[in-house]
Amino acid sequence: MSQMKPKHQRMTLVIFAMIAIVAAGLIAVWALRNQANYFYLPEEMAATPPQVGQPVRLGGMVQAGSLITLADGVTVTFRVTGNTQSAIAVRYSGILPDLFVEGSGVVAEGSLQSDGSFLATNLLAKHDENYVPKELEGLEGHDAQDKVAETTIGL
Amino acid sequence: MIAEIGHAALWLAAALAILQMVSGALALREAEGAPSPYALYARPAAVVQAFLAVLAFGTLLYSFAVTDLSVKLVATNSHSMKPFLYKLTGTWGNHEGSMLLWVAVLALSGGLLAFAERRLPERTMSATLAVQGFVAMGFYVFLLFSSNPFERLPVPALEGVGLNPLLQDIGLAVHPPTLYVGYVGLSVAFSLAMGALITKAVNPNFAKVMRPWVLGAWVFLTFGITAGSYWAYYELGWGGWWFWDPVENASLMPWLAATALLHSVSVLAACDALRTWTIMLGVVAFSMSMLGTFLVRSGVLTSVHAFAVDPERGTLLLILLALYIGGSLTIFALRASSIAEGKRFTATSREGALVFNNVMLCAILAIVLLGTLYPLLTEAFDVRVSVGPPYFNPVGAIFAIPMFVVMAVGPLLRWKDDKVARVQPELAVLAAVALLVIALVVFLGDYPLLPILGLALASALALAAFLPLRGRKLTRVPTATWGMVVAHFGVAVALFGMASEGAFTEERLAAVSPGGAEEIGGWTVQLESVDPVSGPNWTAIEARISASRSGSEPVILAPQARNFWSPPQATSESALLTRWDGQLYAVIGDGAGIGPDGQQRWQLRVWWKPFVTFIWYGGVLVAMGGILSFIGRLQVDLRRRKAARLGAERRMDQAALALSRTATEPAE
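First to last, the sequence lines map onto chains A and B. Position 13 of the first sequence, counting from 1, maps to 12 under numbering that gives the first Met the number 0, and the rest follow consecutively. Position 155 of the second sequence, counting from 1, maps to 154 under numbering that gives the first Met the number 0, and the rest follow consecutively.
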């Protein structure tokens with residue numbers, strides 16, 4: 000490389016940079032297809048369940064009357080419903096998000112277990128009056144009142 | 000009245016931006032070297048525009064300070080009972096205000112450039128100011144037509160709505176302004192790059208003018224990201240310091256590009272190589288700033304940073320984005336071939352290593368960019384995905400690991416041409432250190448691969464950072480070199496903190512009744528009591544937790560679960576106990592019912608994070624390195640100017656002497 004003409008050196012640099020960037024792009028696309036965390040509604044999860052242990056996100060409404068705190072005081076179980084009657088049982092250990100109550104919307108990050116229940120590692124709930132996780136927009140049972148609140152706040 | 004003055008100032012500033020753009024562009028029509036009658040206006044326009052934009056921001060600041068509830072923005076984002084500091088910081092805690100801050104900083108840096116920069120050829124300067132005016136104009140249009148911060152309410156509100164409590168924090172006073180200065184500093188680098196490209200003046204002289212702007216922007220970005228990371232860490236109460244949240248990525252991407260640009264502009268200034276590459280990076284860096292602003296401000300992302308969702312704004316920002324990025328890439332494509340090749344260098348030289356790491360930084364940038372945009376793209380096809388650490392960490396590491404290796408070796412190499420054999424002893428020592436650390440960590444326990452590699456690389460890098468000083472007289476090392484040493488050492492320190500946090504963090508989650516204790520990472524954590532407390536605009540339950548290590552004096556921690564009432568929101572205030580070797584992080588949750596012993600129990604979550612603070616110490620060191628380097632360059636520059644002035648004076652004296660001699664000679 001030491002006796003290269005400047006023009007050739009520039010070409011070499013351009014080619015090296017292109018190869019690296021294209022490689023980065025290809026690796027990224029390949030990894031994204033494998034690692035991206037897909038979002039499921041309960042009825043979708045019931046119909047076409049993801050592989051056991053694959054990280055996914057489950058979104059829906061916390062079914063009224065289903066929220067139970069287990070004896071250890073930090074593990075909760077509840078059922079998540081979507082637009083249909085199908086419900087998925089969810090288990091979560093940790094401090095609940097601030098506005099997490101029965102009837103509220105929730106997005107659970109975690110994976111499906113072999114017994115058909117969902118083990119959540121993280122729960123995202125409405126984090127203030129103005130904010131609804133994007134995945135839950137347009138979900139039934141969540142709207143009227145909230146939509147009004149959302150569109151009127153600040154007026 | 001005050002708000003109207005601000006509004007008018009903003010309109011005038013926009014008009015001046017147009018004047019600056021037009022006069023700068025018209026000046027280019029004159030032939031090389033010929034004075035242009037139009038060039039006269041660009042500099043004063045930029046300076047006055049800076050004054051007006053800052054005035055506009057000042058009036059908004061005043062409206063927030065006195066809580067003028069007839070201004071819509073104040074009414075929707077402030078509250079008369081809010082602490083005074085948060086009234087002020089609330090000025091930029093919303094969409095319109097933060098965009099006004101953006102524009103004010105943009106105008107201010109443009110004014111500074113026009114006022115202070117005298118080294119560039121006048122033609123290049125005109126082109127630069129024209130581009131700067133063009134960029135500013137776009138944002139004035141955006142501000143005035145879709146996000147007017149000075150809009151009045153027909154009837155003044157009785158009381159303000161308040162500020163999102165997450166944003167009621169000292170972090171907000173620091174984090175956005177520093178990031179904005181960084182973003183906007185890159186706009187000057189971009190304008191300079193475009194100016195040099197248009198006037199075909201890409202040379203070391205131009206690089207020396209560009210370097211302080213890049214360096215300054217980069218220092219601010221580094222501070223901003225470090226502060227933002229620490230803020231998220233203690234404010235969100237999730238125990239994490241980086242979430243690969245799109246908004247975080249939006250600040251990381253310009254930083255990556257600026258880091259690459261910083262190194263390449265130094266090569267251009269020092270040995271006249273990497274001309275085209277530097278210009279390209281200038282375009283990429285500012286494009287990333289723009290993209291970051293778009294992602295955060297357009298409402299395509301839902302997060303605490305997305306203050307308002309308004310499709311019109313998003314569209315307008317997207318048009319600006321396309322215009323600037325598309326326009327600059329077009330100019331680049333048309334003009335790139337006209338840049339003469341710079342000086343040559345071999346693969347095993349300082350430049351070679353810098354180029355390699357520049358490319359690695361760009362590859363990491365590409366990975367972060369794709370990971371950030373992928374969910375937005377799939378959403379267009381109605382597939383909802385999220386991309387998180389399982390993607391970013393391993394895929395980023397593929398390029399980050401070679402980068403750290405070359406970063407350890409590169410500064411040991413000579414410019415232009417060198418042999419690896421010359422630095423073989425140093426390489427052997429570094430490799431030995433890395434392998435020793437790997438062996439030690441694997442011996443200690445079963446840890447994930449990436450943190451182990453991180454610990455090894457961090458140790459080797461920490462040592463390598465100081466190797467360039469070997470055999471030199473420390474008092475004679477230039478300040479800029481110290482800057483490099485400190486910054487590289489800072490990277491090693493931060494990497495060590497990240498890897499250590501990743502490998503050794505311990506977590507305990509339990510329902511504890513008062514009096515109950517938990518063991519974690521050598522600490523005994525006891526819940527003493529839980530009481531209600533209240534603050535100026537919130538109520539909370541506060542836990543008193545005593546933490547002691549190996550029988551030492553216990554320290555009291557008081558995490559809170561707060562409820563704000565305006566606007567109503569609950570937040571979790573973590574409590575931190577910092578020791579030199581790590582942090583104890585405690586969060587209190589809800590009541591967890593009655594325990595078997597008949598007492599009320601509370602959810603308690605505690606982490607012991609060894610050396611986690613090194614992440615932010617490292618970030619601060621990196622920024623300090625940047626400051627040292629900045630000072631070093633400034634010293635050299637001032638010394639050179641002084642030498643030039645003295646030289647000129649001496650020549651004048653001699654000429655005067657000679658003249659007087661010839662004048663007096665005939666008299667003799």
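For every residue, glycine included, the Cβ atom is placed at its ideal position computed from N, Cα and C.
Let me make sure I understand the geometry here. Which of B/Thr-570, B/Arg-650, B/Arg-604 and B/Pro-553 has the alpha-carbon closest to that of B/Tyr-584?
B/Arg-604
Any Cβ of chain A within less than 8 Å of the Cβ of B/Ile-519?
no
Does the CB of B/Leu-653 have a neighbour CB from chain A at under 8 Å?
In the sequence on display, residue 653 of chain B carries Gln and not Leu. No, B/Gln-653 does not count as interfacial toward chain A.
In chain A, which residues lie less than 7 Å from B/Ser-336 when you measure between Cβ atoms?
Correct list: empty, because the minimum Cβ distance to chain A is about 11 Å.
Taking any Cβ of chain B, which residues in the stretch 68-96 of chain A have a Cβ under 7 Å from it, in chain order?
Thr-68, Asp-71, Gly-72, Val-73, Ser-92, Gly-93, Ile-94 and Leu-95
Output the residue ranges of the alpha helix (DSSP H) runs that lie fully inside the stretch 23-78 of chain A and measure 4 residues or longer, sorted by chain position.
41-46
What's the C-alpha gap between B/Leu-435 and B/Tyr-61?
59 Å
Pull up the CB-CB distance for B/Glu-518 and B/Ala-509, whole angstroms please, since I reckon it's below 8 Å.
Actually they are not in contact, since the Cβ atoms of B/Glu-518 and B/Ala-509 sit about 11 Å apart, beyond 8 Å.
Amino acids of chain B, ordered along the chain, whose beta-carbon sits closer than 7 Å to that of A/Pro-49
Simply none; closest approach about 12 Å.
From A/Ile-94, A/Gly-104, A/Phe-99 and A/Val-105, residue whose alpha carbon lies closest to that of B/Gly-236
A/Ile-94
Along chain B, in chain order, which residues have C-beta atoms closer than 7 Å to that of A/Ile-26?
Val-394 and Ile-397
B/Gly-646 burial status per 10 Å Cβ neighbour count (16 or more: buried):
exposed
Does the stretch 350-368 of chain B come close enough to the stretch 169-188 of chain B to have 3 or more Cβ pairs within less than 8 Å?
no
Please list the terminal residues of the continuous beta strand (DSSP E) segment that includes B/Gln-559.
559-564
Roughly how far, in whole angstroms, is the beta-carbon of B/Val-690 from the beta-carbon of B/Ala-74, given that I think they are within contact range, below 8 Å?
Residue coverage of chain B in this structure runs from 0 to 667, which leaves residue 690 of chain B outside it and unanswerable.
Anticipated Cβ contact below 8 Å, B/Thr-464 with B/Phe-488, distance rounded:
Inspection of the sequence shows that residue 464 of chain B is occupied by Ala rather than by Thr. The Cβ separation is near 4 Å, so the contact holds.
For A/Gln-8, does the count of other Cβ atoms within 10 angstroms reach 16, so buried, or fall short, so exposed?
buried
In the DSSP output, which residue or residues are listed as bridge partners for A/Thr-83?
In the DSSP output, where bridge partners are listed per residue, A/Thr-83 has none listed.
B/Ile-338 burial status per 10 Å Cβ neighbour count (16 or more: buried):
buried
Environment of A/Met-17 [buried if 16+ CB atoms lie within 10 Å]:
exposed
Taking its Cβ as the centre, do 16 or more other Cβ atoms sit within 10 Å of B/Asp-596, making it buried, or is it exposed?
exposed
Do you know how far the Cα of B/Phe-563 is from the Cα of B/Ser-533?
10 Å
Closer than 8 Å, CB to CB, is B/Leu-340 near chain A or not?
First, the residue type needs correcting, since residue 340 of chain B is Glu and not Leu in the sequence shown. Yes, B/Glu-340 lies at the interface with chain A (some Cβ there is under 8 Å from its Cβ).
Less than 8 Å between the beta carbons of B/Leu-526 and B/Val-554, yes or no?
no
B/Ala-335 to A/Glu-108 span [Cα, whole Å]
47 Å
Are the Cβ atoms of B/Leu-51 and B/Leu-15 separated by less than 8 Å?
yes
Within 8 Å of any Cβ in chain B, is that where the Cβ of A/Leu-31 sits?
yes
Quick check: what's the CA-CA separation for B/Leu-284 versus A/Ala-63?
Going by the sequence as given, residue 284 of chain B is Ala instead of Leu. So the two alpha carbons sit approximately 50 Å from each other.
Any contact between the stretch 629-642 of chain B and the stretch 491-511 of chain B? By contact I mean 3 or more CB pairs, one from each, below 8 Å.
no
Is the shortest distance between the beta-carbon of A/Ala-107 and the beta-carbons of chain B less than 8 Å?
no
Along the stretch 6-23 of chain A, where does the CB come closer than 8 Å to a CB of chain B? Name the residues.
Lys-6, Gln-8, Arg-9, Leu-12, Phe-15, Ala-16, Ala-19, Ile-20, Ala-22 and Ala-23
Identify whether B/Lys-608 lies in helix, strand or coil by the three-state DSSP scheme.
strand
DSSP state of B/Arg-413, grouped into three classes?
coil
For a contact defined as C-beta to C-beta under 9 Å, what are the partners of B/Val-384 on chain A?
Leu-31, Ala-35, Asn-36, Tyr-37, Phe-38 and Arg-56
Could you tell me which residues DSSP pairs with B/Ala-74 in its beta bridges?
The partner list for B/Ala-74 (beta bridge, DSSP) is empty, contrary to what the question assumes.
Counted within 10 angstroms of its Cβ, other Cβ atoms place B/Arg-383 as buried (16 or more) or exposed
buried
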